[in-house]
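S.K.: Right, I'll just put the structure down here and ask away after.
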Amino acid sequence: MVQDVTGAAVLYPSRSIYLETVEGLKLDGHEMLSDLCAVDYQAHMDRALPAGVLPERFEVAVVLVSMSRATRARIRVQVPESDPVLDSLFGLYPGVDAMEREAFDLFGIWFDGHPDLTRILMPEDWEGHPLRKDYSIGRVPVQFKSAPGPR
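Residue numbering for the sequence shown is 5 to 155, as defined by the working numbering.
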């Protein structure tokens with residue numbers, strides 16, 4: 005465990021103990037999950053991480069809040085490109101539903117145990133995951149309304 009500049013605890017559990025770590029933090033008083041998002045570090049595989057944490061292409065970041073103690077805990081889990089699967093936190097924090105669906109939709113990270121892991125932003129027939137760094141740019145032409153001219 006390390007601390008960030010705000011004093012929040014930052015934990016880097018492996019995927020195998022991710023769910024257990026979050027469950028322990030919930031039992032310890034972190035009653036609210038305020039954020040879950042994914043990051044594609046394809047171009048930054050040499051980023052600085054604590055000793056013993058091997059960088060992977062994807063990272064899922066979770067922010068938990070203890071309202072009673074006014075503290076935060078951040079969890080950063082490395083997720084490999086070859087097997088982008090992570091346990092769902094839905095059973096612990098049902099409010100994570102849309103956040104996990106967004107990470108799945110835009111990055112292709114599968115949340116095992118999620119009750120309805122379907123697209124949330126992109127159409128159901130959309131191919132690929134648009135926030136991956138290797139996603140082809142410009143696949144859909146952008147159409148702008150004509151701007152009014154000077155008066």
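Glycine included, each C-beta is placed from N, C-alpha and C at the ideal position.
Would you mind sorting ALA42 into buried or exposed? The rule is 16 or more other CB atoms within 10 Å of its CB.
M.R.: ALA42 comes out buried.
S.K.: Checking 7 Å against the spacing of the C-beta atoms, do LEU90 and VAL83 come in under that value?
M.R.: The answer is yes: Cβ separation under 7 Å.
S.K.: Between GLY11 and GLU35, what straight-line distance do the alpha-carbon atoms span, to the nearest angstrom?
M.R.: Cα-Cα distance, rounded: 18 Å.
S.K.: So if DSSP puts PHE115 in a beta bridge, which residue, or which two residues, is it bridged to?
M.R.: DSSP, once it has assigned bridges, lists LEU90 as partnering PHE115.
S.K.: Do you know how far the Cα of ASP109 is from the Cα of ALA77?
M.R.: If you take the alpha carbons of ALA77 and ASP109, they lie about 25 Å apart.
S.K.: Within 10 Å of its beta-carbon, does ALA107 have 16 or more other beta-carbons around it, so buried, or fewer, so exposed?
M.R.: It is buried - the Cβ of ALA107 has at least 16 other Cβ atoms within 10 Å.
S.K.: Suppose the cutoff is 7 Å on Cβ atoms and the five residues either side in sequence are ignored; what does the same chain contact list for LEU135 look like?
M.R.: If we look at LEU135 and ignore the five residues flanking it on each side, its Cβ neighbours are ASP44, LEU110 and PHE111.
S.K.: Looking only at its own chain, which residues have a Cβ that is under 8 Å from the Cβ of PHE62, when we skip the five neighbours before and after it?
M.R.: ALA42, VAL43, ASP44, TYR45, GLN82, VAL83, PRO84, GLU85, PRO88, PHE111 and ILE113, listed in sequence order.
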